Amino acid sequence: MQPRGSKNFVYKLTKLAVEDFSTIYDYTFQRFGERQADAYTETLEAFLNSVADMPSLGRYYPTIPDVRRIEFQKHSIFYKIEHTDILVIRILHQQMNHIQHLI
């Protein structure tokens, strides 16, 4: 997966976000099959490109300074805007304890 986005912003995944993305794919593959896993992660990647195109879409996450949160289906995406990058910190299921996984 290559970082992409608008002319001004690109999204990049932290190591933990890459692991989250991979875990999402693996879980979806095991539960629903390859076609669904491919479709979900392709849609997630397109959504990340949309966030890079419009970085102010996410709301500030009050617990951690400068971190924004935006929802994608059953997942919460946490990111920071850094110069011309959207740094995706984590992609966590909405039922997870977010604070525990962010700090």
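Sequential numbering of the sequence shown, starting at 3, is according to my numbering.
Built from N, CA and C at the ideal position, the CB exists for glycine as well.
Since we're looking at a predicted model, the values are computed, not measured.
In the DSSP assignment, LYS17 falls outside any beta strand (DSSP E) and within the unbroken alpha helix (DSSP H) covering 17 to 34. Contact between the segment 54 to 66 and the segment 23 to 31 is absent: fewer than three C-beta pairs spanning the two stretches fall below 8 Å.
Contact annotation: HIS95 and LYS82 have beta-carbon atoms that are not nearer than 9 Å. Nearest to ASP55 by alpha-carbon distance, out of TYR13, TYR62, LEU104, is TYR13. From the listed residues ARG61, ILE105, PRO57, the smallest Cα separation to HIS85 is found for PRO57. Membership of SER78 in the beta strand (DSSP E) is indicated by the continuous run 77 to 84.
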